[in-house]
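Protein chains in written order, with our numbering: chain A, 1276 to 1535; chain B, 161 to 385; chain C, 1310 to 1532; chain D, 254 to 841.
Cβ atoms here follow ideal geometry from the backbone N, Cα and C, with glycine treated the same way.
Because the structure is a prediction, the values reported are computed rather than measured.
See below for the structure under consideration.
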Amino acid sequence: MRSTVIPVVCGVMAIVGCEKGRAGASPGVAQAAESVPVTAQPAASAADGATITGKIKFTGAKPVNPKIDMGDEPKCKAKYQGVPTDELVVVNPNGTLANVFVYVKTGLPAGYTAPAPAGPVTLDQDGCRYHPHVLGIQVGQTLAIKNSDGILHNIKAKAVKNRPFNISQPTSMTSERTFSAPEVMVPLECNVHGWMHAWLGVLPHPFFGVSGADGSFTLKGLPPGTYTVEAWHEKYGTQTATVTVAGTETKTADFSFAAK
Amino acid sequence: MTHAAATVDQMRPPYPAERGLDVYNTKLGMWVFLASEVMFFAALIGTYVILRFGATGEWAKPGIVLNIKITAFNTFLLICSSVSMVKAYAAIQDGDPKKMRFWLLMTILGGATFVGIQVFEYMHLVEHGFTPAGVREGSELAGLVANGTLPAATMGLYGSTFFTMTGFHGFHVTCGVISMAYLYVTKALPGKYSQQDYRGIETVGLYWHFVDLVWIILFTIVYLI
Amino acid sequence: MHWWLPLKGSTFAGEVDGLFLAITIITGIAFVVVEVGLIWFVVKYRQRPGRKAFYTHGNTRAEVIWTTIPAVTMVALGLISNHYWVKIKGRHSVPANAYPIAIHAKQFEWQVTYPGADGQLGTSDDFTVRNQLHVPVGRPVVVHLSAEDVIHSFFVPVFRVKQDAVPGMQINSWFQATVPGNYELACAELCGLGHYRMRAQVFVHTQEDYDAWLKQAAQEAAQ
Amino acid sequence: MTTVAATAHTAHAHHDDRSFIRKYIFSTDHKIIGIQFLFVSLFFLLIGGLLAMQMRWQLAYPGQPMPGGGILPETMAPGGVILPEYYIQLVTMHGTFMVFFAIMPLLVGVYANFLIPLKIGTHDMAFPRINMWSFWSFFVGGLVMLASLFVPDGAARAGWTMYAPLSARHDFSGASLGQELWSVSIIFVGLSSILGSLNYITTIINNRAPGMTWFRLPLSVWSLFITAILGLLALPVLSGAAIMLLFDQIIGTHFFDPAAGGQALLWQHLFWFFGHPEVYILILPAMGMVSDIIANGSRKPIFGYHSMVFAIVAIAFLGWIVWGHHMFMSGMNPTLGSSFMVSTLVIAVPSAVKVFNWMGTMWRGNIRFHVPMLHAVAFVAMFAIGGLSGIYMAATPVDMFIHDTYFIVAHLHYVLFGGSLFALFGAIVYWYPKMFGRMMSEPWGKVHFWLTFIFYNCTFFPMHILGMAGHMRRIYDPTQYTFLQPYQPMNVFISISAFLLFATQLIFFVNFWWSLRKGARAEQNPWHDNGLEWSLPSPAPHGNWEQVPTVYRGPYEFSSPQVAEDYLPQYKKLPTDREPARAPVAGH
């Protein structure tokens, strides 16, 4: 029976072009994805071209993130000393705000195209939380979704401009997906663990970053021009700044979010 | 079928009454088929009734959403086409193929016009923002919903049921028109119907009256009530 | 591994199991009659050369008998079952003094809301715990079931209780736990790819343990 | 007229001049159409079985790579490990294929088409061309359903019952195109079934041979007639529901979406209003054919022919008012539950009557154990179990515990496999000579029967025990629940039996294909039966009779004292027989 089914399977697969995930994303890239600032772009162009950098300041009382009750997931609970909390608002010791997605919204020359980098961006599910919590990816670049917990997670991407998906990972494994259209932001969630949320920014160019432990970001290798740079935060919304750069100069654009 | 004897349909008059009931196969078959059609529309209408009377909040106001006048005329037209169908049937029973052709043609035209008007009505409704998914954002009707003239809660259900029920009825009318036109060209014009054998007319007539009846029910519950 | 029903954990578990046993006896008799009869006929009346079968078109009395007996049994069974059905699931079956707990089912978790100190749902001191159902023993508990997205089904085997949670509806289901302990709550209606893991723990406490837990949990939830 | 008849008769002469295509592909001959249904639905039976095997692997060895699973794409089983979303697709498609594309077409598509004209004595169906469309509509539906397994995001995954809103909203299920293709395919099946039914009904009412009065009809024809009525009235409801579901999926209507005012339970009511008559569509024809085979095997007239007929009719009527017993736990008004419980328990009575009458038929018989008879007796034994286990569900308080557990799975497989499928194996062997002019191998038939009987019970009986433990249906990994972990050995046992059961079926398929070419030539009446079809040569020629036979008596005159041999065909005229009142119509 199989013998007759296999060709059908393969044939139809070929026709509909079901994306096939290859297991294992290079850990190096995974680091890059998590470390700060993220600049998904070839180093060659970094040398020439301008740079926009800045810090995300945070003013006002530091809000408390809700606790997560991992009572029925001992495997995840074991990975924390204290009670794990949500990552809704992460304020760094130096009074800056982490997990802010900063990207060039407008201003690039018409028809500007950037080839998608070869390496994947890794989204790791570890301790029943997403790492990183906020990340960016280029159109066509591979998103490697990794399950380090070895328990069931499902990843539901509530995309609007891209094809939404909802896949599951019953054990430690890696699945891969790509995105075809720019979309800021694509909400990712796990329905098995209602608290698990991540935000994915899909852009056609490499000029984006996420503020990290020092609250800073850097957009490298910009062609000369005047840009609208937008900073997005999952709770405090967006802010924009207009920056004009030329040559290889470095301009600063700081943002400041106030507690609500 | 090589052996014509096996299928009564292909026989020319005098065709035999079947054993079993004294009804020829196509007529019996049509009655049986209509039984199944009844169940189909029963499912759609039953759904409408359950959703409408199970709905929380008041039901959408047909008088505001729809153009009752045009549809009333359309209903009248369909009833007339049923009458002309009867006339065609009576004509061929009296052995007057010419008269039968005329009335059959009238029926076809009536049905075709009905479908045309319904298409026009649909375009009109969608243009004003009434769609199967409910009221379209930023449309004329959306305004009426905003100012409370129309209930926001039930417009979606009304759109779903209205378009499904009337749509499938329209589909049935279209099928009827096509089959009548087919019979008109292949049987009526070549004069294959006679006082002895007018099974095609009788069978399609049954179907046509059924479709008419269904519309009267739909018009009442979807447009008037 | 039991070869029979699991532990009786609620007041009506006994009644359900009793009915189950009764049906097993009735069907058991029918089963033996049919299967033994078949085997007997198959052996006794197997083809033998030179014998002709007994030519008969039936026997009205026999047919009346084996139509009546099942009919009577079935109707009787229906009446008995209905008695318990009305008692367990009937419109007005929920005891007046039942302790309210709200359960909201969503893909793929149970959000259990407790009434807090005042024992009333819908007040400020309510708090919600995920995938943990704590109930006091020996006291009727009424569960207000609702669903977020798709149809789920609230199923606690030891309580013998099952009730679908339907989006757009609020359904009340009650039970009274009789044996303190730690059990499991499962989703019994296919609700998506995480269905098999839509599981919660059920803790049946003595009243004082329950009160203690309620107090502590409320504090944790508060901060 | 006589000239027409004459030309017709010459056309009957056994070489007929139609092209291969008209003869075997787009044929309007009821026998060819029956055979087309047979081949296609046997293929889908294998597909359904294959899906079940994958489920059983996952249940026995959760999360372990399935042998040969490597060929499946990453979206189904990466490295052969079945994914939860693929598992629920397996659950859904196994049920869908078995119900709509295997059992139903095997019973109705194959045997209503093949047997009705042969057994009532006519040349063909009333509407041969509609009959052809019925097959091709079914075929298209099958292809669509098969294709839906391989589209992006995979096949439908809400169970074969497609409970909304899981089935209606892609963001809930994770499926997309596959879910829509399911609805499309079901609409085709519904159309096919309606076209078929109106054909069967018209033919049986109108085209019976002279002397073939209603109460001389074989029970197989009676049950197929009632089944056709059920199909005619039930399938349109399913089609309507499937259309609404499809609209919810693609044009954003809100029939089943509570978020926008729709009603989730509406789908269940529509589905089960179709679904319960469907249950009887899946068993009545089996009962009818088993009655024929048992009478033949016992060499005795059917015990209580009339009450058998009335039982079928009663089941058909009651079948319309019991659909709610699938919804006792759905939040439906409990008072309705009470009435549905009573009607459900009452419907057990006619089934009981049939079982006892079958036993009565065997009582003091002279039983021959040819392969069809073995399957028929197994049918009675297994159907009895399936029927009895149904009583547990009918009793609502017990249903509260076993609803949606493996007890239900056991019950429905005892009825559908132990019932319908055993009857079908019997029927296939029994009418094989009339279809293909050859006999299937007797010894291999017996081997297949006994192995099937053993492994079948090893597979499905333990499921009752799992159900009593509260083992839920449609779960991907039972070991997630501590209260189910002790039962894992039983799951393993069931799976191994299931694999052996599947392997055993290959014997049947080999026997089937081998006999097509190499089987012993069949004589005209190999089983010494009374039906009209046995008055024809094997295989039955195109157009059946030149002059349809006249019927002088009922179909079950075995061991009649009137004749020396132990059977007396309906078409055999004894000196004492008088011609029926109505002479045959010219040309028939």
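- Excluding residues up to 5 positions away in sequence, I1343 and D1361 lie with their Cβ nearer than 7 Å to the Cβ of W1470/A in the same chain.
- Taking a cut-off of 8 Å for Cβ pairs, the region 427-437 of chain D and the region 494-506 of chain D touch, as three or more such pairs fall below it.
- Around the beta carbon of G1447/C, a 10 Å sphere encloses fewer than 16 other beta carbons of the protein chains shown; the residue is thus reported as exposed.
- Excluding the 5 residues flanking it on each side, I277/B has same chain C-beta neighbours closer than 7 Å at I230 and N234, in chain order.
- If you draw a straight line from the Cα of G723/D to the Cα of S788/D, it comes to about 54 Å.
- Chain A has no Cβ within less than 8 Å of the Cβ of E1498/C.
- Identification of chain C residues near E338/D by a Cβ-Cβ cut-off of 8 Å yields L1502, ordered along the chain.
- Of the candidates F509/D, I600/D, V804/D and P742/D, F509/D places its Cα closest to the Cα of Y416/D.
- Going by DSSP, V1461/A is part of no alpha helix (DSSP H) but of the beta strand (DSSP E) stretching over E1458 to E1464.
- Per DSSP, S299/B is not a residue of any alpha helix (DSSP H), being assigned neither H nor E.
- DSSP places Y734/D outside any beta strand (DSSP E), giving it a letter other than H or E.
- Secondary structure of A793/D (DSSP, three-state): coil.
- Of the candidates T1371/A, G1487/A and T1503/A, the residue whose Cα lies closest to the Cα of V1518/A is T1503/A.
- For the C-beta of W1313/C, the chain D residues within less than 8 Å are, from N- to C-terminus, M721.
- Measuring C-alpha to C-alpha distances from A341/B to each of G289/B, E287/B and G365/B identifies G365/B as the nearest.
- Judged by pairs of C-beta atoms under 8 Å, the region 1333-1353 of chain A touches the region 1395-1412 of chain A, as three or more such pairs exist.
- Contact annotation for I1430/A against chain D: no contact, minimum CB-CB distance about 10 Å [criterion: below 7 Å].
- Under the DSSP assignment, R212/B falls in the alpha helix (DSSP H) whose first and last residues are N185 to G214.
- Rounded to the nearest angstrom, the Cβ distance from V1461/A to A1434/A is 5 Å, consistent with a contact under 8 Å.
- The alpha-carbon of D1520/C is positioned some 54 Å away from that of A605/D.
- Under the 10 Å beta carbon count, F213/B is surrounded by fewer than 16 other beta carbons and is classified as exposed.
- Q738/D and N619/D have their C-alpha atoms roughly 50 Å apart.
- The C-beta of I377/B has fewer than 16 other C-beta atoms within 10 Å across all chains shown, which makes the residue exposed.
- A direct Cα-to-Cα measurement between F556/D and N1368/C gives close to 8 Å.
- Restricted to the region 1389-1421 of chain A, the beta strand (DSSP E) segments that are unbroken, complete and at least 3 residues in length are 1396-1401, 1404-1406 and 1409-1413, listed in chain order.
- Here the alpha carbons of A408/D and R691/D stand approximately 40 Å from one another.
- Here P790/D is exposed, its C-beta having fewer than 16 other C-beta atoms within 10 Å.
- Taking C-alpha positions only, F403/D is separated from F714/D by approximately 33 Å.
- In the structure shown, Q758/D adopts helical secondary structure according to DSSP, grouped into three states.
- A residue is called buried once 16 or more other Cβ atoms fall within 10 Å of its Cβ, and G1357/A, having fewer, is exposed.
- For F328/B, there is no enclosing beta strand (DSSP E); the residue is found in the alpha helix (DSSP H) stretching over A312 to L343.
- Scanning chain C for C-beta atoms nearer than 7 Å to the C-beta of L1427/A yields G1503 and R1506, reported in chain order.
- With fewer than 16 other Cβ atoms inside 10 Å of its own Cβ, L759/D counts as exposed.
- Three or more pairs of CB atoms, one per stretch, sit closer than 8 Å, so the region 353-370 of chain D contacts the region 283-290 of chain D.
- Note: L444/D is not bridge-paired with any residue in the DSSP secondary-structure output.
- Counting only the Cα atoms, F1492/A lies some 8 Å from F1483/A.
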